[in-house]
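Reviewing the structure listed below.
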Amino acid sequence: MSDGQATLAQRLRLAREQAGLSQGQVAKLMSIHRPTVTEIEAGRRRVQLDEIAAFAKLYRVSVPWLMGEDGEGEDMREAKVRLAARELAKLKSSDLDRVMNLLASLRSDSDAPKGKKG
Amino acid sequence: MSDREDLGRRAVTAALRLRGSAGRPLHAPICPIDLALDLGIEVRFEALPSLEGLYSPDGPLVVLGALRPRGRRAFTCAHELGHHVFGHGLSVDELHEEPVPRDGNELLADRFAAALLMPKLAVLNAFSARDWDVGSCSAEQAFMIAGFLGVGYATLVGYLQGTLHMLEEGHASALRRVAPKTIRGRLLGWAPEAGLVVVDERWVWRPVDVGVGDVLLAPLGTIAEGNALERMDGRLLRARAPGAGQLRIGSWTVEVRSMRADFTGLAEYRHLEASDDDV
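Right, here's the structure in full:
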């Protein structure tokens, strides 16, 4: 399995868990078999771009983030973190990590492939 | 007009305007989570011990503390909607065990939330539809109306007295001295650890939202449909699993939606039934 494939598999599993869905629920929502979801998340099955877009839509995350990118440039992210520091400082550090991961995975309109917005 | 009065007026105006533009009549109770989703806002539940709620204009996104009681989460969601409506930036509301003084944007969002969930017309309608008088209501009646409006008992009593001026201070104090657990005990004859929702045939406009394990006290003869509910005894039902169901008697029907108390994830999936495929 390539590094890219492993990252994709790992992020698909993380995104599903962040969405609060089980593999069985995902299979039902996407009209596929549950073992297919298991195979994809284990990195044992190749995933087509249109399938990645469908997962991103279901999980409300960006396609680039699923494929291993940070979702937005580091400079932009750091600037946002600085701006938000006073607000985010109210959280415990373990909670802050969770919130930052969520914000990084967010889908935005610019992330959606053309013609596949949703 | 004082700054506080001006702030209150701005909050009420914005809340009522949002209800109007979103097709939510002023006399009806609402689910603020459904409203946020209808507005295109992503809503997530996260089990973060220090978090009450969070609003991020990026997305936009609302995160609700999954460890908080249902009424509290609804109020927090309405509060975060206030930040959205007023164009505030990233806002984190940390958990406080005791009430803390609020000012500026936080006070504005609080006032907005209360006005959104408990417009005067909705409160009056809820009581009058049951032939109950707000000013002399019993603790059990206030408890039932709080559940109907989707807010906590103490929140409703405080708002009726402090903002809507429908309760005398003495009567409000008497109501505050009765704990919700005591009310649950009076209504059932025993006090369930889980939540209790009292449903009657005047429950219209919005679904009945419960957590798995919660008990529903419904009118005698109510028929329950769906896998989410099981009958305990006579008028008592229990939410046994996540999902949707219905209660009905004659021509009255209301949807019941059940979610796991510890659900974390996207709000739109909170009532999804478990899959038979999952082991």
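Respectively, the protein sequence lines represent chains A and B.
The first sequence maps to residues 1 to 118 in the working numbering.
The second sequence maps to residues 1001 to 1279 in the working numbering.
We treat Cβ as the ideally placed atom computed from N, Cα and C, and that holds for glycine.
- Our two residues, R1257(B) and A1228(B), have alpha carbons roughly 8 angstroms apart in a direct line.
- With fewer than 16 other beta carbons inside 10 angstroms of its own, P1057(B) counts as exposed.
- Closest by C-alpha distance to H1271(B), out of A1129(B), A1154(B), P1207(B), V1178(B), is P1207(B).
- Using a Cβ distance threshold of 8 angstroms, V1210(B) and G1195(B) count as a contacting pair.
- Taking all protein chains shown into account, Q48(A) has fewer than 16 neighbouring C-beta atoms within 10 Å of its C-beta and is therefore exposed.
- R1044(B) is bridged by DSSP to V1063(B), L1266(B).
- Within the model, the alpha-carbon separation for A1114(B) versus M1232(B) is close to 34 angstroms.
- With contacts defined by Cβ atoms closer than 8 angstroms, A9(A) and E51(A) do not form a contacting pair.
- Using a CB distance cut-off of 8 angstroms, Q10(A) does not count as an interface residue toward chain B.
- Look at T38(A) here: in three-state DSSP terms it is helix.
- By alpha-carbon distance to D1093(B), the top candidate from V1062(B), T1013(B), R1070(B) is V1062(B).
- At least 8 angstroms separates the CB of F1086(B) from every CB of chain A.
- Excluding residues up to 5 positions away in sequence, S1056 lie with their Cβ nearer than 6 angstroms to the Cβ of L1090(B) in the same chain.
- As DSSP reads the structure, Q23(A) sits in no beta bridge.
- Only those residues of the region 17-43 of chain A whose C-beta falls short of 7 angstroms from the nearest C-beta of chain B are listed: Q18, A19, G20, L21, S22, Q23, G24, Q25, A27, K28, R34.
- DSSP, read as helix, strand or coil, puts M100(A) in helix.
- Put simply, the CB of P1242(B) is far from chain A, with every gap to its CB atoms at 8 angstroms or more.
- Counted as a single uninterrupted DSSP element, the stretch harbouring R60(A) is not any alpha helix (DSSP H), since DSSP gives it neither H nor E.
- If you check each beta-carbon in the region 55-66 of chain A against every beta-carbon of chain B, the ones closer than 7 angstroms belong to R60.
- Look at M1259(B) here: in three-state DSSP terms it is strand.
- Taking 8 angstroms as the threshold, the shortest C-beta distance from V47(A) to chain B does not fall below it.
- The beta carbon of R1202(B) sits closer than 6 angstroms to the beta carbons of A1129, R1130 from its chain, once the five residues preceding and following it are set aside; these are given in chain order.
- For D1034(B), the enclosing alpha helix (DSSP H) begins and ends at 1032-1038.
- Rounded to the nearest whole angstrom, the CA to CA distance from N1125(B) to A1028(B) is 8 angstroms.
- For D1277(B), at least one C-beta of chain A is nearer than 8 angstroms to its own C-beta.
- Under the three-state reduction of DSSP, V1012(B) is assigned to helix.
- Scanning chain B for C-beta atoms nearer than 9 angstroms to the C-beta of R13(A) yields nothing, as the closest lies near 14 angstroms away.
- Residue-level contact by beta carbon holds for T1264(B) and chain A, with a gap shorter than 8 angstroms.
- Contact between V61(A) and S22(A) is absent: CB atoms are separated by about 17 angstroms, not below the 8 angstroms threshold.
- For R1044(B), the nearest beta carbon of chain A is closer than 8 angstroms to its own beta carbon.
- For the beta strand (DSSP E) assignment, the region 1139-1184 of chain B encloses no uninterrupted run of at least 3 residues.
- Annotation for V1197(B): the continuous beta strand (DSSP E) segment containing it runs 1196-1198.
- Straight-line spacing of the CA atoms in V37(A) and S1050(B) works out to 33 angstroms.
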